[in-house]
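Let me begin by presenting the structure, written as structure tokens, before commenting on it.
Protein chains: 2
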Amino acid sequence: MPVFTPPVVDMLFAIEEAGELARVSSLPDYEEATPDLVTAVLAEAGRFGAEVLAPLNAIGDREGCHLDNGRVTLPNGFAAAYRQFVDGGWNAVPFNPDHGGQGLPWLVATAVQEIWHAANMSFGLIPMLTQGAVECLNEHATPAIKAMFLDKLVSGEWTGTMNLTEPAAGSDVGALRSKAEPDGDRWRIRGQKIFITGGEHDAPSNIIHLVLARVPDAPTGVKGISLFAVPKYLVNPDGSLGRRNDVKCIKIEEKLGIHGSPTCVMAFGEDEGAVGWLLGKENQGLTLMFTMMNNARLAVGLEGIAVGERAYQKAVAYARERVQHVAIINHPDVRRTLLTSRALVEATRALAYYTASRIDISKRHPDADLRAHTHARVELLTPVVKAWGTASGIQVADMAIQVFGGMGYIEESGVAQHLRDARITAIYEGTNGIQAMDLVNRKLLRDGGAAFRDLLNEIRTLDAELAAAGSESCTVIRHALEQAVSAATRAADFIHAGHGGDAALAGAAASPFLELVGITCGGWMMARLALAAHRRMADGADDPFLPAKIATARFFAEALLPKTGALLAAVQAGSGSIQAFRDDWF
Amino acid sequence: MPVFTPPVVDMLFAIEEAGELARVSSLPDYEEATPDLVTAVLAEAGRFGAEVLAPLNAIGDREGCHLDNGRVTLPNGFAAAYRQFVDGGWNAVPFNPDHGGQGLPWLVATAVQEIWHAANMSFGLIPMLTQGAVECLNEHATPAIKAMFLDKLVSGEWTGTMNLTEPAAGSDVGALRSKAEPDGDRWRIRGQKIFITGGEHDAPSNIIHLVLARVPDAPTGVKGISLFAVPKYLVNPDGSLGRRNDVKCIKIEEKLGIHGSPTCVMAFGEDEGAVGWLLGKENQGLTLMFTMMNNARLAVGLEGIAVGERAYQKAVAYARERVQHVAIINHPDVRRTLLTSRALVEATRALAYYTASRIDISKRHPDADLRAHTHARVELLTPVVKAWGTASGIQVADMAIQVFGGMGYIEESGVAQHLRDARITAIYEGTNGIQAMDLVNRKLLRDGGAAFRDLLNEIRTLDAELAAAGSESCTVIRHALEQAVSAATRAADFIHAGHGGDAALAGAAASPFLELVGITCGGWMMARLALAAHRRMADGADDPFLPAKIATARFFAEALLPKTGALLAAVQAGSGSIQAFRDDWF
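Order-wise, the sequence lines are chains U and P. All residue numbers for the first sequence refer to this note's numbering, where the first residue is 334 and numbers rise by one. All residue numbers for the second sequence refer to this note's numbering, where the first residue is 334 and numbers rise by one.
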């Protein structure tokens, strides 16, 4: 069996039906993104992922990265594969054509990215981080800085990093202590950063670090943070590489997973100070960094989904060949596990693609009101895709181990790697708990619940369509979705009513609320996909993929949507028991 | 902070209130098991676990086991610690005094075992496997075989193993192909076994393998399997060790976790045939092996619980010291995580101890009817403790990583090891899916639901007590427990009504049914403990442990018991969608 088969049929279906490709390709400059082109891009990306990246995945896990006197070497084959990746133009898919990008919609880029993560998550982190740097520079750098860095980041010849975390400043970014001092039109950066993905390695010829630091006399906390671009090698006026900057990797971490990705401790300015360029204005660094992080959150959600897909495929293949009395795929309990996995992967994928399509609309649609409205939807769903997507991916990877039984616990079988790799996705780019609080505090409460009500109202419009479809499956889906939307409504109402008088409520309710919203949105997506499948079948399409999609949507409704009732109860329990529990009782 | 603090206060409370120590110590030969003695035993075991075993845990993980020319060496310090363990008499706690055992109740032995697993799960596997061998020999061996092996297994000077699995025979034990041929009054065993925990190592002076194999002309399948005792070294008539038997370790597996425990591929009889002694009668091996496995299942459930406790302690300690704005233990979302962990650990512990106490009653009570009735309860709950206990422990270990955030993903922090270690517990001794099918097919359906109805009726008797307690917490618990019992009743009714006409129903419903039963029993245990805490407080006890217990029980009722509604829905969805999904659709 092949190492990994990119699920291009399901991806394309999700692009067309959840992401509404037709709407996206009617946006300015996206006219080229026809179904034919997207199919061709996915097929080609799938080939590259399956043939070049996937075979390196286990090698990366076993071999890990090597630090030798400040130089980090990726596992055998990674750097060469990265050069092929850059030469193939894959790094440039979604970027601005002015800087050499291909200018394809985020919707399409998102699907392409999913392939890299599924094939080799450690590898996929390289372009993912670069993407954040490109977006940030594209939006916030001066023309001179853009000229210095952007083209080679777009091509992928150089890569990017995000430098937020310090030993005492994790989720509390405002506690960071790295310093920047002016030096002519440049700055000198000093400080130590930890957990820097790809902080140093041998795939690119230069690395552009985006670094948060404080300028002299900056306000304390998050309002006194500025963002700087700090290259590994300074860049000469002609674009060639100059001398080595005062930044180095002093340690790589030994991690549970993603061994093929170096997680670096970076020392900036231990000698003369690392030369950097200010991005945006002083003390606005956090806002700029959030530009990067917002999009990165979607990408991290996608990582979870992608690794889930990979693990699901492995579990199915094993279940077909492993005989215990009969092939274990015939055991109803194993079928339940596989179907749960499939339902989670397909629903989270659809929600991620839907959200990506809304990024495209929110950036490109001619109607400013619609852009703003769609932007609010993206903001609302971003933490959901991140947290629910990663939690689901981890769950799927875990279930794949279970399908393998004893073999799943043996590293040789390769399936445990997916759980180890996926596990980080619930942590970085803001832990899933942080995502849940973002959802409740910034997305649900700040606008008085307008964006959330709007989402639920849109989900409710499916009710009539599901009723009209007239199939038994759609009736089951309709009923379950209605219950879930009702639970989501009541949960939001409870939080709205209570948070004014109870400062702990939002935090106490956040995690079950996010899961409730995630499952409800997943049910919504699966309902849309089931209806689309019905439509295509009614139009004469004869593809087993379509009844399978309807059956998966029905299973999601039967087995997963009912969880929303339990999550509503957890929300409605409020903060009382949680806060009344004394610290010294733990 | 100490590496690990055995939770002896909670353990003792669970022994007294969930395990009803007073009832157990009124059984014949258990009179010595007074609260004072149990307290002293737990304190001493706790000291040994914390001081000797816990510090070796991370060493075992990092160093792993070594195979060199058929000899396996445990990680540095393990063999010496094992000698201390044996010298301290710890191996002998529950065993028959006729063979040197201490003859303490299983209830007490279970708590003591929990300490070993929490301190060092890899180490804890050594006595756990030996315990299975002791029980099996004690019940099924001839006096001559007992004389040869039993005393030194009881003392722990020698250890035991279970040899079931072969490459093509895992959950389907009946497919095994190892052979046994008569050789005088002994047998010659030939075959290969995989996944043999402690199959070879340097802690004991001899290893007694219990091996399943087929005698000549045995029936096919599970009815043609016999059980043999096969020592690593033959034993001379005077009890000294003779020549090496024809059995050797040819590989140790590289695993996700429990690196301190060698998982061996064992080759029996590659030369002259391994000498073995038949236990019980020919072709009755599986029944005998199930004697071992039944008890082992409880022990494995306990492993999950124990590792969960250890991970929970680490998460609490980290949450107290890690400051993000404030110490993160003050964040409601972190408190929810910690409280969920605590609730799961305490509920699963109570259920495991309760079940252990029922083993004591089922073996020792003078009333034969009560023994039989209690035995049925043990049979019913064994798969629940195994599967729900391990699933909960894994979840708690996973949540501990999440509390650590980025540090949780770094192996240096030590918390990821607990997830990696615990993960096997959902797989071995029968995967949790197998446990769920055992619960439905053998325990729920076989007796027409009598044992299960009896359990639910017993839970219902708490209703009046909870009502009479008159506290707000007991009211909340009472309501939630009633809902859970109702869900459990309806789920069982659904399976009873449907399984006759739908062969796939039991398998399709098994996993959600088991989780439903687990959570319901957990809520029952927590309700009992809350009532006991109320009683002690009413009697004037002034210990913060008591209100903490009530608060934890209330949280369990608010946050965890409502899941039973969703699980009921998953059961009631039946097998339709699962079976209708075509194999080629996956």
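Think of the CB as a built atom: it goes at the ideal place given N, C-alpha and C, for glycine as much as any other residue.
Query raised in the report: Where does residue 878 (chain U) land, buried or exposed, given buried means 16+ other C-beta within 10 angstroms?
Result: With a threshold of 16 other beta carbon atoms within 10 Å, residue 878 (chain U) falls short and is exposed.
Query - Host beta strand (DSSP E) of residue 908 (chain U) (start-end) - result: Looking at the DSSP string, residue 908 (chain U) is not in any beta strand (DSSP E), and its letter there is neither H nor E.
**Report entry** Residues near residue 479 (chain P) in its chain [Cβ-Cβ closer than 8 angstroms; skip 5 each side]
**Finding:** 432, 470 and 471
Query raised in the report: Expressed to the nearest angstrom, what Euclidean distance is found between the alpha-carbon atoms of residue 657 (chain P) and residue 600 (chain U)?
Result: 22 angstroms
Requested in this report: Would you check if there are 3 or more beta carbon pairs closer than 8 angstroms linking the stretch 432-445 of chain U to the stretch 556-576 of chain U?
Outcome: no
Requested in this report: Quick one: residues in its chain with C-beta nearer than 6 angstroms to the C-beta of residue 836 (chain U), no 5 flanking neighbours on either side, listed in chain order?
Outcome: none
Query raised in the report: Cβ of residue 852 (chain U) within 9 angstroms of Cβ of residue 439 (chain U)?
Result: Annotated as distal: residue 852 (chain U) and residue 439 (chain U), with beta-carbon spacing of 9 angstroms or more.
Report task. Closer than 7 angstroms, Cβ to Cβ, to anything on chain P: give me those residues from the stretch 638-659 of chain U, in chain order. Result -> 649, 657 and 658
Query raised in the report: Name the chain U residues whose beta carbon is nearer than 7 angstroms to that of residue 744 (chain P)?
Result: 587, 588 and 589
Requested in this report: Can you have a look at residue 806 (chain P) and say buried or exposed, based on whether 16 or more other CB atoms are within 10 angstroms of its CB?
Outcome: buried
Query raised in the report: Beta-carbon separation of residue 403 (chain P) and residue 339 (chain P) under 9 angstroms?
Result: no
Requested in this report: Could you check the C-alpha separation between residue 341 (chain U) and residue 683 (chain U) for me, to the nearest Å?
Outcome: Residue 341 (chain U) and residue 683 (chain U) have their C-alpha atoms spaced approximately 13 angstroms apart.
Query raised in the report: Is the CB of residue 664 (chain P) under 9 angstroms away from at least one CB in chain U?
Result: yes
Report task. Hey, could you find the ends of the beta strand (DSSP E) residue 776 (chain U) is sitting in? Result -> Neither: residue 776 (chain U) is in no beta strand (DSSP E) and is coded neither H nor E.
**Report entry** Under 8 angstroms by beta carbon: chain P residues contacting residue 770 (chain U)
**Finding:** 666
Requested in this report: Label residue 550 (chain U) either buried or exposed according to how many other C-beta atoms from any shown protein chain fall within 10 Å of its C-beta, with 16 as the threshold for buried.
Outcome: exposed
Query - Close beta carbons around residue 345 (chain P), own chain, < 7 angstroms, minus the five adjacent residues each side - result: 371, 372 and 375
Report task. Indicate whether the contact test is met: 3 or more Cβ pairs, each with one atom in the stretch 855-874 of chain U and one in the stretch 859-867 of chain P, closer than 8 angstroms. Result -> A contact between stretches requires three or more CB pairs, one per stretch, nearer than 8 angstroms, and the stretch 855-874 of chain U fails this requirement with the stretch 859-867 of chain P.
**Report entry** Cβ-Cβ distance between residue 929 (chain U) and residue 681 (chain U) below 9 angstroms
**Finding:** This structure cannot settle anything about residue 929 (chain U), because the visible part of chain U is limited to 334 through 919.
Query raised in the report: In chain P, what lies closer than 7 angstroms to residue 498 (chain U) by C-beta?
Result: 739
**Report entry** Stretch-stretch touch, CB-based, cutoff 8 angstroms, three pairs: the stretch 737-745 of chain P with the stretch 579-587 of chain U
**Finding:** Contact holds: three or more Cβ-Cβ distances are below 8 angstroms.
Query raised in the report: What residues from chain P crowd round residue 547 (chain U), counting only those whose CB sits closer than 7 angstroms?
Result: By Cβ distance, chain P contributes nothing, its closest Cβ being about 18 angstroms from residue 547 (chain U), past 7 angstroms.
**Report entry** Bridge-paired residues (DSSP) for residue 574 (chain P)
**Finding:** P:568
Report task. With a cut-off of 8 angstroms on the beta carbons, I'd call residue 593 (chain U) and residue 408 (chain U) a contact; round off their distance for me. Result -> Right, their Cβ atoms sit about 5 angstroms apart.
Query - Complete runs of the alpha helix (DSSP H) confined to the stretch 334-362 of chain U [at least 4 residues] - result: 341-346 and 354-357
Report task. Along the beta strand (DSSP E) that carries residue 598 (chain U), what are the first and last residues, could you check? Result -> 596-601
Query raised in the report: Quick one: complete beta strand (DSSP E) runs, 3+ long, within the stretch 585-667 of chain P?
Result: Runs of the beta strand (DSSP E) inside the stretch 585-667 of chain P: 596-601 and 607-612.
Query - Cβ-based burial, residue 301 (chain P) [other Cβ within 10 Å; buried from 16] - result: Outside the displayed span of chain P (334 to 919) sits residue 301 (chain P), for which this structure offers no information.
**Report entry** Those runs of the beta strand (DSSP E) which lie wholly inside the stretch 847-902 of chain U and span at least 3 residues
**Finding:** none
Query raised in the report: Taking just the CA atoms, how far does residue 662 (chain U) sit from residue 782 (chain P)?
Result: Roughly 29 angstroms separates the two Cα atoms.
Requested in this report: Taking only beta-carbon positions, decide if residue 529 (chain P) is within less than 9 angstroms of chain U.
Outcome: no
Report task. Answer with yes or no whether the minimum CB distance from residue 917 (chain U) to chain P is below 9 angstroms. Result -> yes
Report task. List the endpoints of the continuous alpha helix (DSSP H) containing residue 486 (chain U). Result -> 476-488
Query raised in the report: For the candidate residues P:660, P:418 and P:811, whose alpha-carbon lies nearest to that of residue 883 (chain P)?
Result: P:811
Query raised in the report: Under the rule that 16 or more other beta-carbon atoms within 10 Å means buried, what is residue 768 (chain P), buried or exposed?
Result: buried
Query raised in the report: Do residue 448 (chain U) and residue 382 (chain U) have their C-beta atoms closer together than 9 angstroms?
Result: Against a cut-off of 9 angstroms, the Cβ pair of residue 382 (chain U) and residue 448 (chain U) comes out as a contact.
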